[in-house]
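Trainee: Just dropping this structure here.
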Amino acid sequence: RGIDPAAQVVLCAGAPDTPGIDQEFRGLFAGLSRAREGVHWIPRMLPRPEVIQLLTHAAVFVCPSVYEPLGIVNLEAMACGTPVVASRVGGIPEVVADGETGVLVPREDGADDDFEAGLARALDSVLGDPDAARRMGEAGRTRAVEEFGWDAVARRTVRLYEEILKRA
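Under my numbering, the very last position in the sequence shown is 342; numbers go up by exactly one each time.
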């Protein structure tokens, strides 16, 4: 809805949780494909090298989650230097810095039309400003590595153990 018609849309959706969700998604995809050109669906789980290739070539990564405890998929996109447009739900705001590494869109239960419109506006704003998208992608890569990379996790884990040992 409202996304620039020139934008190519690639949907990566592996196996659905239920047959009902599969049927619903297939119907929605068919309708979207009829409504606009440039819509592609990858209906399988991709090997890691293919995911990296897809993310590094994407102009923007979109994560319209209803619930997300952390949002590792956003970190993966950020690690590839791709700006993120995502729902402001769960742990996503801990990963995606709004306006810095991407754009967060508020999502309220029962306000799907507002959410969809906000998502389209955010996506168009990132696609419409390549310089800002590049800056967000670079900042996202830096944040993913410096705050969430294995070295950063190891340092925080060692600090935690040191604090625990001091109290023992």
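A virtual CB, placed ideally from N, CA and C, is assigned to each residue, including glycine.
#1: Mind pulling the beta strand (DSSP E) runs of 3 or more residues that sit fully within the segment 253-327?
#2: I'd like the list of long-range same chain contacts for F203, defined as Cβ closer than 6 Å, with 5 residues on each side in sequence excluded.
#3: Can you tell me which residues form a DSSP beta bridge with I216?
#4: With respect to the alpha helix (DSSP H) encompassing V225, which residues constitute its N-terminal and C-terminal limits?
#5: Mind checking who V236 pairs with in its DSSP beta bridge?
#6: Looking only at C-alpha atoms, which of P243, D287, V236 and L244 sits nearest to V277?
#7: Taking the alpha helix (DSSP H) that A204 belongs to, which residues open and close that run?
#8: With C-beta atoms as the reference, is E250 less than 8 Å away from V263?
#9: So what's I177 in DSSP terms, helix, strand or just coil?
#10: Between L206, C254, S239 and G205, which has its C-alpha nearest Q227's C-alpha?
Mentor: Answer, in terms of the structure:
#1: 258-261 and 276-279
#2: Translated into positions along the sequence shown, residue 203 becomes position 29. So the qualifying residues of the chain are W215.
#3: Reading the sequence shown from its first residue, position 42 is the one you call residue 216. Beta-bridge pairing links I216 to C186.
#4: Against the sequence shown, residue 225 aligns to sequence position 51. V225 -> alpha helix (DSSP H) spans R222 to H231.
#5: Translated into the one-based positions of the sequence shown, residue 236 becomes position 62. Answer is V259, bridged to V236.
#6: Counting from 1 along the sequence shown, the entry for residue 277 is found at position 103. When only C-alpha atoms are compared, the closest one is V236.
#7: Taking the first residue of the sequence shown as position 1, residue 204 is located at position 30. Where A204 is concerned, the enclosing alpha helix (DSSP H) stretches over P193 to A209.
#8: Counting from 1 along the sequence shown, the entry for residue 250 is found at position 76. Counting from 1 along the sequence shown, the entry for residue 263 is found at position 89. Result no, Cβ atoms of E250 and V263 do not sit closer than 8 Å.
#9: Counting from one through the sequence shown, the residue named residue 177 turns up at place 3. Correct three-state label for I177: coil.
#10: On the sequence shown, residue 227 is found 53 positions in, with the first residue counted as 1. Comparing Cα-Cα distances from Q227 to each of L206, C254, S239 and G205, the minimum goes to C254.
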